[in-house]
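Right, one structure below, let's go through it.
Number of protein chains: 4
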Amino acid sequence: MAFTLGPNQYGKAGVRLVSVDRSGDRHVVTDLTVASALSGDLEGTHLTGDNSAVLATDTQKNTVYAFAREFGVGEPEAFGLRLGQHFVSTQASIHRAQLTIEQHRWERFGPHSFARSGAETRRARVVVTEDGAEVSSGLGDLTVLNTTDSEFHGFPRDAYTTLPETTERMLATSVEAWWDHSSAEVDWGAAYTAAREALLAAFAGTYSYSLQQTLFAMGSRVLAEAPSVAEIRLSLPNKHHNLVDLTPFGLDNPDQVYVAPTEPYGLIEGTVRR
Amino acid sequence: MAFTLGPNQYGKAGVRLVSVDRSGDRHVVTDLTVASALSGDLEGTHLTGDNSAVLATDTQKNTVYAFAREFGVGEPEAFGLRLGQHFVSTQASIHRAQLTIEQHRWERFGPHSFARSGAETRRARVVVTEDGAEVSSGLGDLTVLNTTDSEFHGFPRDAYTTLPETTERMLATSVEAWWDHSSAEVDWGAAYTAAREALLAAFAGTYSYSLQQTLFAMGSRVLAEAPSVAEIRLSLPNKHHNLVDLTPFGLDNPDQVYVAPTEPYGLIEGTVRR
Amino acid sequence: MAFTLGPNQYGKAGVRLVSVDRSGDRHVVTDLTVASALSGDLEGTHLTGDNSAVLATDTQKNTVYAFAREFGVGEPEAFGLRLGQHFVSTQASIHRAQLTIEQHRWERFGPHSFARSGAETRRARVVVTEDGAEVSSGLGDLTVLNTTDSEFHGFPRDAYTTLPETTERMLATSVEAWWDHSSAEVDWGAAYTAAREALLAAFAGTYSYSLQQTLFAMGSRVLAEAPSVAEIRLSLPNKHHNLVDLTPFGLDNPDQVYVAPTEPYGLIEGTVRR
Amino acid sequence: MAFTLGPNQYGKAGVRLVSVDRSGDRHVVTDLTVASALSGDLEGTHLTGDNSAVLATDTQKNTVYAFAREFGVGEPEAFGLRLGQHFVSTQASIHRAQLTIEQHRWERFGPHSFARSGAETRRARVVVTEDGAEVSSGLGDLTVLNTTDSEFHGFPRDAYTTLPETTERMLATSVEAWWDHSSAEVDWGAAYTAAREALLAAFAGTYSYSLQQTLFAMGSRVLAEAPSVAEIRLSLPNKHHNLVDLTPFGLDNPDQVYVAPTEPYGLIEGTVRR
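Protein chains in written order, with my numbering: chain A, 242 to 515; chain B, 242 to 515; chain C, 242 to 515; chain D, 242 to 515.
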């Protein structure tokens with residue numbers, strides 16, 4: 242009985258690269274985790290173990306480190322494009338290269354001293370084929386909270402509905418967002434900063450009747466302020482903050498004391514397009 | 242400037258459900274983490290905060306617990322189908338329900354005593370629409386290791402290749418697999434057990450020239466032994482075990498002492514189809 | 242055969258408490274994870290299951306939430322003292338209460354909008370007995386990096402030593418620190434801020450020949466600037482940044498490209514006292 | 242202002258060592274994470290950066306790998322003793338060596354094929370000084386559950402108590418245990434197996450009125466069955482399984498459907514001695 246090979250890719254993940262630019266008085270640190278994934282004429286290795294088309298994942302990793310020295314790292318989108326173009330153009334059997342890069346944030350507190358700032362990461366994903374390249378930018382683990390200006394009511398009530406309606410609730414989420422660029426000629430750093438600020442401004446500035454409404458507002462704000470962005474996808478866990486019932490102790494709770502459980506959590510996912 | 246709502250869904254994740262069947266002398270524990278995600282006529286909540294179509298995620302969670310009591314849990318695929326059909330058939334504005342269920346493993350060591358066995362989980366994903374249902378089964382975090390019968394050579398060597406060829410290496414991975422059923426009339430428990438055993442047997446029994454070859458063998462074995470399976474997707478991190486160079490200490494290392502770093506790791510992903 | 246009960250304590254951990262002060266135009270969020278642990282005349286519950294002395298851990302949790310409303314949260318040290326004194330003074334059989342509190346950091350970006358800033362947490366530990374109270378403050382998961390001003394040489398070389406000496410290395414660590422106060426009459430907020438700034442200033446300002454030297458400098462700086470602190474204990478993982486050998490690719494690496502593995506890591510622990 | 246160096250130690254943690262014994266037809270895998278911590282005449286490095294007494298943590302790591310080849314790994318207690326004696330006897334300035342070893346479990350499913358079995362780890366801690374050695378053994382992350390034979394009542398009720406009394410509850414915990422040996426002449430493997438079985442048997446076999454009672458029974462059973470053990474310390478999180486209130490849906494819940502939240506959790510810690 243013979244079966245068929247469907248979609249497949251392979252590569253190296255968890256490639257930790259820290260690069261230091263010592264050219265000025267104030268050092269600059271770039272801290273990345275890189276993943277590469279290649280596709281192409283890979284039937285051989287799957288069916289018979291013939292590896293003549295398999296650029297080793299160890300080689301992919303080496304290329305990341307060597308390119309960081311040869312060309313510098315710069316913006317993650319540009320670094321990914323350079324790596325992807327290299328793999329596709331130099332390996333005859335590789336027709337698609339995907340680079341996913343996560344950049345960890347460090348905040349300066351001295352000319353050569355830095356503190357890691359948060360779980361939040363900047364992200365870039367680049368797909369290079371013989372036909373061209375697609376670039377997405379994003380961020381993840383940006384946890385934000387509004388203490389007011391959030392209501393939730395008017396939802397249907399069936400036999401399993403117990404949730405009370407509310408005109409005052411905490412709204413917290415951990416933003417994961419990816420936005421696609423319509424061009425590869427973008428000032429990646431400026432575009433990233435603009436998109437991040439748009440996300441924060443829309444989260445803080447939206448009077449919200451549902452996390453879906455906040456999501457749409459956040460996505461729209463990015464599209465409005467970043468002309469190169471064609472589409473944005475947001476994944477927003479609703480990190481519930483539940484008002485604690487203090488009446489057994491003879492106490493009221495005027496929107497003051499909350500419990501923030503790990504689970505369960507809502508999960509709101511949506512796309513906003515031009 | 243007006244933008245458009247693209248693909249979206251919302252639901253509750255991290256719903257922890259433990260159900261105990263006390264009907265026999267030997268209790269049976271079913272331990273699930275359930276996530277629901279609904280799609281449909283949801284423009285209102287995104288654009289204006291009109292929640293009249295939004296079955297609350299809290300209600301979705303309640304339904305999970307109530308159904309566990311009303312109908313029992315049983316196999317995760319069947320439980321997901323029941324929940325999905327409920328959401329789509331009772332909510333006029335909901336046209337698609339996706340249930341993703343992870344089952345945690347407990348091993349009995351007494352009539353009512355159990356030990357959690359491993360990080361490995363059984364998984365099921367069900368998508369219900371007005372047109373019918375699609376069912377996938379899977380598993381994750383099944384970490385396996387072969388101490389021999391693995392080689393890796395014949396790969397291309399470019400300017401960034403330093404990896405030596407080897408005819409003897411450790412091969413370790415943490416299996417994540419999803420397989421699609423061509424029917425919803427399946428003995429889910431038996432099919433799961435057969436697929437899991439096929440994966441293990443193929444991993445242990447394949448003399449491997451690449452992890453890709455092992456992947457294809459594992460997928461093929463599942464297809465060969467589980468007639469209801471139309472396609473299987475495997476994601477196999479290559480958890481490297483690197484032979485330690487002991488020559489600085491005047492020692493050889495005849496395939497005995499390895500370091501197993503967390504990162505980087507290879508990541509081999511592929512699909513096998515009939 | 243009869244055995245003896247030795248040291249023991251019990252309590253509730255992972256009590257997630259978020260409190261919002263809405264009294265001003267700019268809301269203030271306090272986000273804590275609280276753990277309580279009580280000791281006392283607890284032979285009964287251990288030996289026979291007599292729970293008459295066991296204030297339920299659920300009750301301990303309730304007390305945390307109720308006190309947040311009744312008295313406000315304020316500084317974690319003060320909140321812990323209040324809780325500890327309550328447990329010891331109201332439960333005849335409880336002779337010692339330990340409260341461990343972790344405060345999560347939020348950074349304001351609007352009058353009622355906040356972003357979670359980092360994994361770093363402020364910590365407090367309070368032990369209350371009939372004889373009085375001991376208070377420690379601390380912080381954890383403060384990850385910092387110096388790109389220069391760090392050397393390591395002059396260490397002994399035995400048959401297992403391969404590490405080269407270096408006069409230029411990256412120095413990174415994730416600070417965990419606990420410092421004990423000689424009094425319970427302290428301005429906790431100001432003392433915490435002073436200690437945190439002292440740790441950062443000493444890390445950035447110390448030209449380091451070993452992480453031990455940096456540890457001692459950090460501890461000394463806290464003692465010098467915080468008169469209420471009697472002793473400080475630091476645990477500093479040496480988060481290695483290894484220069485990548487690029488010579489196989491015909492490239493030098495002038496302190497530019499590093500790999501930052503998760504493990505192994507050094508672990509330097511020490512105490513500085515007056 | 243001069244300050245004093247208090248207790249301190251330094252070493253390497255996260256040393257991942259996998260050793261394969263290929264001498265028989267059936268390979269044997271030993272998978273360890275090793276941490277070493279040395280103490281001694283270390284004022285120099287702390288006060289002035291003089292490293293002449295500092296055996297590099299990199300050297301400590303190398304020694305672990307070299308000893309695995311030179312002497313084999315064997316039981317973790319014995320491996321730790323060998324390493325500790327080496328550090329103390331060969332480094333004039335090192336007076337105390339602590340080795341903490343975690344052994345990951347693999348289950349055989351073929352002559353050279355293994356599956357990782359669970360989060361549970363076997364543990365050993367050895368402290369070697371010029372005066373001798375102390376050996377502790379242990380385990381961690383052994384998650385167990387009793388579906389019945391657990392009650393909890395008779396506890397005091399104060400103004401903050403809402404917990405109902407129960408004569409039927411689920412009892413689940415994740416065992417962490419350390420036991421001290423009165424001698425270093427022990428069959429470590431047999432003693433470990435006996436202690437682990439005693440812990441499981443006592444958990445399953447104790448009709449429990451409190452987790453404290455179960456803890457004492459588990460500790461006593463180890464002391465009764467393992468003559469070399471002088472004392473055992475147990476840390477048992479009470480992993481709550483809360484019966485879901487289904488009455489809003491017109492359903493009863495006869496000890497069938499539970500929610501298992503991550504937090505908060507009870508934490509019961511105690512010591513049992515001869």
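Even glycine gets a Cβ: it sits at the ideal position worked out from N, Cα and C. All of these numbers come straight from a predicted model, not from anything done at the bench.
Could you tell me which chain C residues have their CB closer than 9 angstroms to the CB of residue i, listed as they occur along the chain?
i: Y401/B; result: P489, F490
i: V275/A; result: Ordered by position in chain C, no residue passes the 9 angstroms Cβ test against V275/A, which lies about 11 angstroms from the chain.
To the nearest angstrom, how far is the alpha carbon of residue i from that of residue j?
i: S293/B; j: S334/B; result: 9 angstroms
i: R263/A; j: G281/A; result: 39 angstroms
i: H287/C; j: N479/A; result: 41 angstroms
i: H345/D; j: L412/B; result: 17 angstroms
i: V376/B; j: V369/A; result: 33 angstroms
i: V261/B; j: A400/D; result: 33 angstroms
i: D272/B; j: L258/B; result: 6 angstroms
i: N483/A; j: V500/A; result: 5 angstroms
i: V470/A; j: L383/D; result: 49 angstroms
i: N249/B; j: E343/A; result: 25 angstroms
i: F244/C; j: V463/D; result: 11 angstroms
i: F490/C; j: A307/A; result: 7 angstroms
i: E510/C; j: G315/C; result: 31 angstroms
i: D493/C; j: Y450/B; result: 34 angstroms
i: E311/B; j: D486/A; result: 29 angstroms
i: G265/A; j: A465/A; result: 36 angstroms
i: L340/B; j: A431/C; result: 50 angstroms
i: E504/D; j: F457/A; result: 32 angstroms
Residues of chain A with a CB under 9 angstroms from the CB of residue i: which are they?
i: L441/B; result: Those do not exist, as L441/B stays about 18 angstroms from chain A at its closest Cβ, beyond 9 angstroms.
With a threshold of 16 other CB atoms inside 10 Å of the CB of residue i, please say whether the residue is buried or exposed.
i: E348/A; result: exposed
i: T304/C; result: buried
i: R398/D; result: exposed
i: Y433/A; result: buried
Quick one, are the C-beta atoms of residue i and residue j less than 8 angstroms apart?
i: R267/B; j: G359/D; result: no
i: F328/A; j: L283/A; result: no
i: R364/C; j: G381/C; result: yes
i: V427/C; j: L475/C; result: no
i: S277/B; j: G252/B; result: yes
i: T298/A; j: G507/B; result: yes
i: W429/C; j: I473/C; result: no
i: G446/A; j: V513/A; result: no
i: A439/B; j: A467/B; result: yes
i: F355/A; j: L386/C; result: yes
i: D390/B; j: Y448/B; result: yes
So which residues of chain B does residue i contact, with C-beta pairs closer than 8 angstroms?
i: S449/A; result: G290
i: V270/D; result: L386, T388
For residue i, go through chain D and note every residue whose CB falls closer than 9 angstroms to its CB, in chain order.
i: S293/C; result: G395, F396, P397
i: D299/B; result: Ordered by position in chain D, no residue passes the 9 angstroms Cβ test against D299/B, which lies about 12 angstroms from the chain.
So which residues on chain A does residue i lean against when the C-beta distance must stay under 8 angstroms?
i: P502/D; result: P502, T503, E504
i: K480/B; result: Ordered by position in chain A, no residue passes the 8 angstroms Cβ test against K480/B, which lies about 11 angstroms from the chain.
Could you work out which residues of chain D lie near residue i, taking near to mean beta carbons separated by less than 8 angstroms?
i: D496/B; result: V261, R263
Which chain C residues are close to residue i, counting only those with a beta carbon under 7 angstroms from its beta carbon?
i: N249/D; result: E510, G511, T512
i: R310/A; result: L487, L492, N494, Q497, V498
Could you tell me whether the Cβ of residue i comes closer than 8 angstroms to any Cβ of chain G?
i: F328/C; result: Chain labels in this structure do not include chain G; the protein chains are A, B, C and D.
Starting from the beta carbon of residue i, find every residue of chain B whose beta carbon is closer than 9 angstroms, and list them in chain order.
i: S469/A; result: Within 9 angstroms Cβ-Cβ: nothing; S469/A doesn't reach chain B, min ~15 angstroms.
Residue ranges of each alpha helix (DSSP H) run of no fewer than 4 residues wholly in the stretch 247-318 of chain C, ordered along the chain? Counting only runs that start and end inside the stretch 247-318 of chain C, the alpha helix (DSSP H) elements of at least 4 residues fall at 284-288, 298-311.
Which whole runs of the beta strand (DSSP E) in the stretch 474-502 of chain A are 3 residues long or more, in chain order? Counting only runs of 3 or more residues that sit fully inside the stretch 474-502 of chain A, the beta strand (DSSP E) segments are 498-500, in chain order.
Whole beta strand (DSSP E) elements within the stretch 385-456 of chain B, 3-residue minimum: Runs found: 412-422.
Uninterrupted beta strand (DSSP E) stretches inside the stretch 314-376 of chain B (no shorter than 3 residues): Whole beta strand (DSSP E) segments, 3+ residues: 335-351, 354-370.
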